[in-house]
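Colleague: Be aware that the sequence shown starts at 0, since it is given in numbering that gives the first Met the number 0, and climbs by one per residue.
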Amino acid sequence: MSLHFTERQSRTIAAAITTLSALVILVVVGLLAWLAASFLRAFSGVFLPLTVGAVAAVVSRPYYEWLRNSARLGMTLAVVAVFLSALIPLGLFGWFFGRIVLDQLVGLIAQAPAWWDAVEAWLEDQTPRATALLDGPGRQQVGELIASQQEALLGWLQSLGNQVVAASLGFARGIGTLLSWVITPVYFAYFLTTAGIRFDTEKVLPFLKPDTRNDVKYLVLEFIEIVVVFFRGQMLIAFLQGILYAVGFTAIGLRYGFVIGLVLGLLNVIPYLGSIVGLAIAIPLALVQPDGGLTLIGLTLVVFIVVQQVEGWYLTPKIMGNRTGLHFMAIIVAIFFWGTALGGIPGMILAIPLTAFLASLWRLARQKWIAEIL
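Listed below in structure tokens is the structure:
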């Protein structure tokens, strides 16, 4: 017995099947994405150093190629020069802040005897009162309180023991993660000296149709291009912002303004992070330093506003343009989303490239696949 449908019924059935298929595909893709995210979180200690080394190498490649071609350095000397160009500024920052921390730590240690004398004096003053309390009715009350809370006390001690064990395991995992980061310079040197990125879809994906392989190749190369453009542009923008912050803070008389400005500018590798952290650090410092006050706070806010305007109206359009195609609200939401999804700072750093890639994927899907379905 054959079924006959009207044209409208056929269109309705086709639309229902298409919708159901699309839902199944979305569920499968979502499940695969969840499994991939879980896998990356579980083995982040392995993949994060590899990713950092690869991204740093891609960003540093123009400098490396300039050293090879213009400065006529050999491969080994060029790699060493790139390393030193990064390590020397980091060492200077560490020396400066380490000296500040050491000075404060020495002052803290110098104050420790006076604090201990104050504690001893307080204890001597309170000892007669405590003795009188325990010799009187207070002893019985304390004993009853301990007896009534014995079970809760044992539970608390057990919980404390579990926390100590968990902390020990976490410390051991932390040591393992630290050791995995030690190999990052090797990854960096390998990717820096490897010529180009090869992605032969015919060998890697022979089971796909040629059109599908071309789409996959386009998406992979698009993602790589977005990562390269974003990190090269954003690092240059962050460096220039750091210079502007440093000059501005120094000009208005903010203590440690030059170093604070450079650090806050470099934090803007994650968009807006340096500005947010900078407000939380610079404004209290402007208030509490000896010659600080409302005037210095106002000048600090002026520096922030001017630098943000220069970045938004000149630096970003000139250096990066609208390559990511993302609105600033989308950028903020993406930073928090990927920071949560990928576990903190690495997700926040990769938020913009990942979101821009998903936007490119959506445009391709809308133009080719969704148009064919509908």
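Using N, Cα and C, we set each Cβ at its ideal position, and we do this for glycine too.
Hey, how far is the Cα of G73 from the Cα of T192?
Modeller: Taking the first residue of the sequence shown as 1, we reach residue 73 at position 74. Taking the first residue of the sequence shown as 1, we reach residue 192 at position 193. Their backbone Cα atoms lie some 11 Å apart in a straight line.
Colleague: Might you give, ordered along the chain, the residues of its own chain that have their beta carbon closer than 6 Å to the beta carbon of Y313, omitting 5 neighbours on each side?
Modeller: Along the sequence shown, one-based indexing puts residue 313 at 314. Result list for Y313: empty, nothing under 6 Å.
Colleague: Assuming A333 and A350 are in contact, meaning their beta carbons sit under 8 Å apart, how far apart are those beta carbons, in whole angstroms?
Modeller: Taking the sequence shown and counting its residues from 1, one reaches residue 333 at position 334. Taking the sequence shown and counting its residues from 1, one reaches residue 350 at position 351. Contact holds; Cβ gap of about 4 Å.
Colleague: Measure the C-alpha to C-alpha separation of V305 and G247 and round it to an integer number of angstroms.
Modeller: For this step, residue 305 is matched to residue 306 along the sequence shown. For this step, residue 247 is matched to residue 248 along the sequence shown. The straight-line gap from Cα to Cα measures roughly 9 Å.
Colleague: Report yes if the C-beta distance between A53 and F229 is below 9 Å; otherwise report no.
Modeller: Position 54 of the sequence shown, counting from 1, holds the residue named residue 53. Position 230 of the sequence shown, counting from 1, holds the residue named residue 229. No.
Colleague: Less than 9 Å between the C-beta atoms of R254 and Q307, yes or no?
Modeller: Start at 1 with the first residue of the sequence shown, and residue 254 comes out as number 255. Start at 1 with the first residue of the sequence shown, and residue 307 comes out as number 308. Not a contact, by the Cβ cut-off of 9 Å.
Colleague: A80 and A70 - do their beta-carbons sit closer together than 9 Å?
Modeller: Working through the sequence shown from its first residue, we reach residue 70 at position 71. Working through the sequence shown from its first residue, we reach residue 80 at position 81. Yes, the pair counts as a contact, with Cβ atoms nearer than the cut-off.
Colleague: Near L235, what residues of its chain come up, given a Cβ to Cβ distance below 7 Å and the 5 sequence neighbours on each side ignored?
Modeller: On the sequence shown, position 236 is the one that residue 235 refers to. So the list reads I318, once near-sequence residues are dropped.
Colleague: So, helix, strand or coil for N267, using DSSP?
Modeller: Working through the sequence shown from its first residue, we reach residue 267 at position 268. Here N267 sits in coil by DSSP.
Colleague: Could you check where the alpha helix (DSSP H) with P205 kicks off and where it finishes?
Modeller: Within the sequence shown, residue 205 is the residue found at index 206, counting from 1. Counting along the chain, P205 falls outside any alpha helix (DSSP H), and DSSP gives it neither H nor E.
Colleague: Reducing DSSP to helix, strand and coil, say where F42 ends up.
Modeller: The count along the sequence shown starts at 1 and reaches residue 42 at position 43. Here F42 sits in coil by DSSP.
Colleague: Closer than 7 Å by C-beta to I331: which residues in its own chain qualify, once you throw out the five before and the five after it? Chain order, please.
Modeller: Against the sequence shown, residue 331 aligns to sequence position 332. Y271.
Colleague: Starting from R362 and walking both ways along the alpha helix (DSSP H), at which residues does that stretch end?
Modeller: Taking the first residue of the sequence shown as 1, we reach residue 362 at position 363. Where R362 is concerned, the enclosing alpha helix (DSSP H) stretches over 350-363.
Colleague: Going by Cα to Cα distance, which pick from F356, T299, V78, A120 is closest to V185?
Modeller: Numbered from its first residue, the sequence shown carries residue 185 at position 186. For the residues F356, T299, V78, A120, the minimum Cα distance to V185 belongs to V78.
Colleague: Using DSSP with H/G/I as helix, E/B as strand and the rest coil, what is R254?
Modeller: Locating residue 254 in the sequence shown gives position 255, counting from the first residue. Coil.
Colleague: Determine whether the beta carbon atoms of G277 and F238 lie at a separation below 9 Å.
Modeller: Reading the sequence shown from its first residue, position 278 is the one you call residue 277. Reading the sequence shown from its first residue, position 239 is the one you call residue 238. Their beta carbons are not under 9 Å apart, which means G277 does not touch F238 by this criterion.
Colleague: Could you tell me the alpha carbon to alpha carbon distance between A188 and P88, rounded to whole angstroms?
Modeller: Counted from its first residue, the sequence shown places residue 188 at position 189. Counted from its first residue, the sequence shown places residue 88 at position 89. Taking the straight line joining both Cα atoms gives about 19 Å.
Colleague: Since I242 and G264 should fall inside the 8 Å C-beta cutoff, what is the C-beta to C-beta distance between them, to a whole number of angstroms?
Modeller: Indexing the sequence shown from 1 puts residue 242 at position 243. Indexing the sequence shown from 1 puts residue 264 at position 265. About 7 Å; that satisfies the 8 Å criterion.
Colleague: Quick one: Cα of L363 to Cα of V23, how far?
Modeller: Reading the sequence shown from its first residue, position 364 is the one you call residue 363. Reading the sequence shown from its first residue, position 24 is the one you call residue 23. The straight-line gap from Cα to Cα measures roughly 20 Å.
Colleague: Measure the C-alpha to C-alpha separation of F356 and F336 and round it to an integer number of angstroms.
Modeller: For the purposes of this step, residue 356 is identified with residue 357 of the sequence shown, where counting begins at 1. For the purposes of this step, residue 336 is identified with residue 337 of the sequence shown, where counting begins at 1. The alpha-carbon atoms of F356 and F336 are separated by roughly 15 Å.
Colleague: For G297, report the span of its alpha helix (DSSP H) as first-last.
Modeller: For the purposes of this step, residue 297 is taken as residue 298 along the sequence shown, with counting starting at 1. Its alpha helix (DSSP H) spans residues 293-309.
Colleague: For F46, which residues in the same chain have their Cβ closer than 7 Å to its Cβ, ignoring the five residues on either side in sequence?
Modeller: Numbered from 1 along the sequence shown, position 47 holds the residue referred to as residue 46. Counting only Cβ-Cβ distances below 7 Å, and skipping sequence neighbours, we find L39.
Colleague: Please state the DSSP three-state secondary structure of Q240.
Modeller: Numbered from its first residue, the sequence shown carries residue 240 at position 241. If DSSP states are grouped into helix, strand and coil, Q240 belongs with the helices.
Colleague: Quick one: measure Cβ to Cβ for L286 and I251, integer angstroms, because I've assumed they're closer than 8 Å.
Modeller: Here residue 286 refers to the residue found at position 287 when the sequence shown is read from its first residue. Here residue 251 refers to the residue found at position 252 when the sequence shown is read from its first residue. Wrong, their Cβ atoms sit about 13 Å apart, outside the cutoff.
Colleague: Assuming Y313 is part of the alpha helix (DSSP H), what are its boundary residues?
Modeller: Taking the sequence shown and counting its residues from 1, the one referred to as residue 313 is at position 314. Careful: Y313 lies outside any alpha helix (DSSP H) and carries neither H nor E.
Colleague: Three-state secondary structure (DSSP) at G73?
Modeller: Working through the sequence shown from its first residue, we reach residue 73 at position 74. Reduced to three states, the DSSP call for G73 is coil.
Colleague: First and last residue of the alpha helix (DSSP H) that includes I282?
Modeller: Taking the sequence shown and counting its residues from 1, the one referred to as residue 282 is at position 283. Residues 272-287.
Colleague: Once you ignore the five residues that flank G311 on each side, which residues in its own chain have a CB closer than 6 Å to its CB?
Modeller: Residue 311 sits at position 312 when you count from the first residue of the sequence shown. If we look at G311 and ignore the five residues flanking it on each side, it has no Cβ neighbours.
Colleague: So is Q233 buried or exposed if we call it buried at 16+ other beta carbons inside 10 Å?
Modeller: As a working mapping, residue 233 is identified with position 234 in the sequence shown. That one is buried.
Colleague: Quick check on the DSSP output: the alpha helix (DSSP H) that includes T183 runs from which residue to which?
Modeller: Residue 183 sits at position 184 when you count from the first residue of the sequence shown. Taken as a continuous stretch (DSSP letters only), the alpha helix (DSSP H) holding T183 covers 183-192.
Colleague: Quick one: is G292 buried, meaning 16 or more other Cβ sit within 10 Å of its Cβ, or exposed?
Modeller: Within the sequence shown, the letter at position 293 stands for residue 292. That one is exposed.
Colleague: Give me the residue from V301, I348, P209, D210 with the minimum Cα distance to V226.
Modeller: Stepping through the sequence shown from its first residue, residue 226 is reached at position 227. Ranking V301, I348, P209, D210 by Cα distance to V226 puts I348 first.
Colleague: Can you grab the Cα-Cα spacing for the pair V215 / A358, in whole Å?
Modeller: Taking the first residue of the sequence shown as 1, we reach residue 215 at position 216. Taking the first residue of the sequence shown as 1, we reach residue 358 at position 359. Roughly 15 Å separates the two Cα atoms.
Colleague: Since I believe L360 is in contact with L218 (beta carbons under 8 Å), could you give me their beta-carbon distance rounded to a whole number of angstroms?
Modeller: On the sequence shown, residue 218 is found 219 positions in, with the first residue counted as 1. On the sequence shown, residue 360 is found 361 positions in, with the first residue counted as 1. Correct: roughly 6 Å between the Cβ atoms.
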